[in-house]
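Residue numbers (my numbering): 34 to 422.
Read through the structure below, which is laid out as structure tokens, and then see the notes.
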Amino acid sequence: MRDVPQRGAGPRLHARRRPARRCPRPDHALSGARRSAARRRSARAARPRRAPARVRAVKERLAAEGLFDETRKRPLPFFPRHVGIATALGGAALHDILVILRSRCPALHVVVRPVRVQGAGAADDIVRALDDLNAYPALEVLIVGRGGGSLEDLWPFNEERVARAIVASRLPVIAAVGHEVDFTIACLVADRRAPTPTAAAEMVVPRVVDLEARVARCAGALGEALARRRDAERRRVAALAGRVRDPRRYVRDLGDRAASLEARLVRALRGRVDGAARTVETATHRLQLQHPVTRLARVAEAVEDGRRRLERAVAAVVRDGRARVARGARSLDDLSPLAVLQRGYSLTRRPDGSVVRDAGTLRDGDDVDLTFAVGAARARITGPPRSRS
């Protein structure tokens, strides 16, 4: 194979030169009519007698081996970069294929293996061409075929050895033989049958519009998947946030509980004082009813002593209650985030209210809200995060 330079930005073309064979009576010495007659005679000579019967026999053998089954056939590559073509070098089929390939993908690498597509020896030439193209390492798909013609012209593509060479190909093969009404055995065993050479080129390289539509569909599906994932994560974060208790609420609850305990303590002390006062009043009333001066003096002394002890007891209870309240208040202060802020720290949140615990999650240009012991401020990240030394 060798490179053949092409004009413009079309696909690169490779061709195999075959040495010219000298004939006793070269075609250029014949008139146009005589050349056509000679080609028809050559095609008829290449087609064996009882051709329909032989075609049926070949079809039956190949069908019995499962070579026509669609499950055996391989899919075409989506967007190949290297394509091999086996057809006549100067035929219209090659021209039509290259026009489509150039228009759809100018950077496509094309390897052309010239073959004889009719006449004696054409079938063997097609088999050799398939072997040569399969030996080319970079190729991804093959197109083999020709333009329209008579049954004699298309006969090489009905040969069993051509069909088996297509089946044995390591690369997917597109058969583009004749026009839409022309069916050959090569079309039946190929991985894909194209009604025309132009259609074969269209199968190999998709249109830009089709590619754009496919990309748009993929982008839409990806966007929908991302949106669903985002919504699911948001719901998950919201559910987790509902389980986390707000520290401020916890401190408020502790404060309310401490106030409730203090109120209960005050009520209890007042109750005891009131009860003691009522007891003193009752005792005084009883003393007043009895009127003994000495007894009254002793009772008064006892009452005074009891009053002093009661006051000491009340004072001790009050001191103990106040100490317990003070200890509770200190415990609350230790648990309060405000106490941490009083020591010079600050609380960093994102604009959505989430707390920043890791500097590595911040990016240059992110806005954050800073809460201090007194007041708050908004800041912007102006550099990469630094690790703690």
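All residues carry an ideal CB built from backbone N, CA and C; glycine is no exception.
Just so it is clear, the structure is predicted and the values come from calculations on it, not from any experiment.
Taking the straight line between their C-alpha atoms, what separation do you get for Ala234 and Leu131?
When rounded, the distance between both Cα atoms is 8 angstroms.
Let me know if Pro139 comes out buried or exposed under the rule of 16 or more other beta-carbons within 10 Å of its beta-carbon.
Counting Cβ neighbours within 10 Å, Pro139 comes out exposed, since fewer than 16 surround it.
In terms of residue numbering, what span does the beta strand (DSSP E) encompassing Thr443 cover?
Residue numbering for the chain in the displayed model covers 34 to 422; residue 443 lies beyond these limits and cannot be assessed.
What are the uninterrupted segments assigned as alpha helix (DSSP H) that are 4 or more residues long and contained completely in the segment 120-149, given in chain order?
Whole alpha helix (DSSP H) segments, 4+ residues: 125-137.
Under 7 angstroms, do Ala171 and Val195 count as touching if we go by C-beta distance?
No; because the gap between Cβ atoms is not below 7 angstroms, this pair is not in contact.
Ends of the beta strand (DSSP E) at Val388?
Per DSSP, Val388 belongs to no beta strand (DSSP E) and is neither H nor E.
Taking the DSSP output, what are the residues bridged to Arg411?
Arg411 pairs with Asp402.
Using DSSP with H/G/I as helix, E/B as strand and the rest coil, what is Gly178?
Of the three classes helix, strand and coil, the one that applies to Gly178 here is strand, per DSSP.
Could you pull the start and end residues of the beta strand (DSSP E) that Arg210 belongs to?
A quick correction: the sequence has Val, not Arg, at residue 210. Segment Val206 to Val210, the beta strand (DSSP E) holding Val210.
In terms of residues, what are the limits of the alpha helix (DSSP H) holding Ala99?
The sequence shown places Gly at residue 99, not Ala. Gly99 -> no alpha helix (DSSP H), and no H or E assigned at all.
Could you check the C-alpha separation between Asp129 and Ala198 for me, to the nearest Å?
Roughly 25 angstroms between the two C-alpha positions.
Taking the alpha-carbon positions, what's the Ala78 to Val91 distance?
Reliability fails at Ala78, whose pLDDT of 49 lies under 50, so the model's placement of it is uncertain and the value that follows must be treated cautiously. About 19 angstroms.
What residue does the alpha helix (DSSP H) around Gly275 start on, and which one ends it?
Unbroken alpha helix (DSSP H) run through Gly275: Val241 to Arg276.
Using a Cβ-Cβ cutoff of less than 7 angstroms, which residues in the same chain neighbour Ala258 once the five nearest sequence positions on both sides are dropped?
Nothing meets the Cβ criterion.
Please confirm if the segment 393-410 is in contact with the segment 282-298, defined as three or more CB-CB distances below 8 angstroms between the two stretches.
No: the two stretches stay apart, fewer than three of their Cβ pairs being nearer than 8 angstroms.
How many Å lie between Asp391 and Ser379 at the Cα?
Cα to Cα, Asp391 sits roughly 14 angstroms from Ser379.
Using the rule of at least 16 other Cβ atoms within 10 Å of the residue's Cβ for burial, across every protein chain shown, is Gly398 buried or exposed?
Flag for Gly398 reads exposed.
Helix or strand or just coil, what does DSSP make of Gly117?
The answer is strand: DSSP assigns Gly117 an E or B state.
State the DSSP-derived secondary structure class of Arg376, mapped to helix, strand or coil.
Looking at Arg376 - three-state DSSP - the assignment turns out to be coil, as it is neither helix nor strand.
Please name the residue in Pro108, Glu185 and Pro189 whose C-alpha comes closest to that of Val148.
Taking only the C-alpha atoms, the option nearest Val148 is Pro189.
Ala227 to Leu273, Cα distance in whole Å?
About 59 angstroms.
Residues in the same chain with beta-carbon distance under 8 angstroms from Leu374, minus the five sequence neighbours each way, listed in chain order, please.
Within the same chain, Leu374 has close Cβ partners Leu380, Thr404, Phe405 and Ala406.
Going by the CB atoms, is the gap between Gly182 and Ala209 shorter than 7 angstroms?
The answer is no: Cβ separation not under 7 angstroms.
Under the rule that 16 or more other beta-carbon atoms within 10 Å means buried, what is Arg146, buried or exposed?
Arg146 should be labelled buried.
If contacts are defined as beta-carbon pairs under 8 angstroms, then Val347 and Arg305 qualify, I think. What distance do you get, rounded to the angstrom?
Val347 to Arg305, Cβ: 7 angstroms. Contact.
Quick check: the Cα distance between Thr312 and Asp338, rounded to an integer number of angstroms?
Approximately 14 angstroms between the Cα atoms of the pair.
Would you identify the three-state DSSP class for Arg107, choosing helix, strand or coil?
DSSP places Arg107 in coil when its eight states are reduced to three.
Going by C-alpha distance, which of Ala359, Gly386 and Arg203 is nearest Asp279?
Selected option, being the one with the closest Cα: Gly386.
Grab me the residues of Met236's own chain with a C-beta within less than 8 angstroms of its C-beta, minus the 5 sequence neighbours each way, in chain order.
The residues are Leu109, Ile207, Arg225 and Ala227.
Take the Cβ of Ala162 as the centre, count every other Cβ of all protein chains shown within 10 Å, and call the residue buried at 16 or more, exposed below.
Buried, because 16 or more other Cβ atoms sit within 10 Å of the Cβ of Ala162.
So, helix, strand or coil for Gly416, using DSSP?
In this structure, Gly416 counts as coil in the three-state DSSP scheme.
I think Ile118 touches Leu127, with their Cβ atoms under 8 angstroms apart; what is that distance to the nearest whole Å?
That belief holds up - the Cβ atoms of Ile118 and Leu127 are roughly 7 angstroms apart, short of 8 angstroms.
Work out the CA separation of Ser369 and Arg357 for me, nearest whole Å.
Taking the straight line joining both Cα atoms gives about 18 angstroms.
So what's Arg194 in DSSP terms, helix, strand or just coil?
In the structure shown, Arg194 sits in a helix (DSSP, three-state: H, G or I).
Would Val424 and Val174 be called neighbours here (beta carbons separated by less than 7 angstroms)?
Given that the chain is displayed from residue 34 to residue 422, the structure contains no residue 424 and the question cannot be resolved.
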